[in-house]
Amino acid sequence: ESKVVNAATTKEEEDTIDTYSNYKTLSSIIKSNGATISPQVHKRVHYLVCTQQAVNNLTQRVRQALKRNVDIVDVDWIKQCVENGSRADADEYLRNDVARELMTVKEKEKQAFVTNNGGYESDVPDENAAGWSEPIQLDCCCVCHENGDDNCPWCTDCNLNKKNKTEE
């Protein structure tokens, strides 16, 4: 019976000597043993075959497999199936629990990051401490005051003229 599987490895591991960590080689081994490979994780996928590093990094395929309740199995399961010449029991190769635990830790870290404002201090003052500012009396902007002329027809009501008149 043919099963649809999705194989996920990481690019760093594709260069290793282990043929079961190389995506292309792993895909050809899986196909030659009668399984069908899907490039995406969807409802017809029965297993996500991946390396431990893919689980540790919570790759997109691993997250999708968790979301869709697809069994996540280690690459060693494929090795065992090839050695047996038939499908081996996947129970001891399941990585769903590890992936769920890592996902929970990641979500808690994300929530703590958001709660702590991303590590930034808040510039917003306490709303009880905030209040209205006091008005500031600005001086007259007329250039006549720079020359010492207090008889400017434009600034009869300015605070500088009022101050000078009260002093006289």
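Note that full-length UniProt numbering has the sequence shown beginning at 1, numbered continuously upward.
Cβ coordinates follow ideal geometry from the N, Cα and C atoms, glycine included.
Practice task
With a cut-off of 8 Å on the beta carbons, I'd call Asn96 and Ile72 a contact; round off their distance for me.
Solution key: Rounded to whole angstroms, the Cβ separation of Asn96 and Ile72 is 5 Å, and the two are in contact under 8 Å.
Problem - Status (buried if at least 16 other CB within 10 Å, exposed otherwise) for Asp74 - result: buried
Problem - Inter-stretch contact (C-beta, 8 Å, three-pair minimum) for the region 102-113 and the region 76-83 - result: The region 102-113 is not in contact with the region 76-83.
Problem - Buried versus exposed, by CB contacts within 10 Å (16 or more), Thr51 - result: buried
Practice task
Rounded to whole angstroms, what's the CA-CA distance from Ala54 to Pro39? Just pull it up for me.
Solution key: 15 Å
Practice task
Give the secondary structure of Tyr47 by DSSP, where H, G and I count as helix, E and B as strand, and everything else as coil.
Solution key: strand
Problem - Three-state class that DSSP yields for Thr36 in the structure shown - result: In the three-state scheme derived from DSSP, where H, G and I count as helix and E and B as strand, Thr36 is classed as strand.
Handout entry: Per-residue DSSP class, three states only, for Asp71
Key = strand
Problem - Whole-number beta carbon distance between Val70 and Tyr47, since they are thought to touch under 8 Å - result: 7 Å
Exercise for the section: Using the Cα positions of Ser28 and Ala90, report the straight-line distance between them to the nearest angstrom. Expected result: 20 Å
Practice task
Please determine, among Thr25, Gln64, Thr59 and Val98, the residue with the shortest C-alpha to C-alpha distance to Arg44.
Solution key: The shortest Cα separation from Arg44 among Thr25, Gln64, Thr59 and Val98 belongs to Gln64.
Practice task
Within its chain, find whatever has a CB closer than 8 Å to the CB of Thr16; leave out the 5 residues flanking it on each side and keep chain order.
Solution key: Below a pLDDT of 50, predicted positions are generally treated as unreliable, and Thr16, at 38, falls in that range; no measurement from the model is reported.
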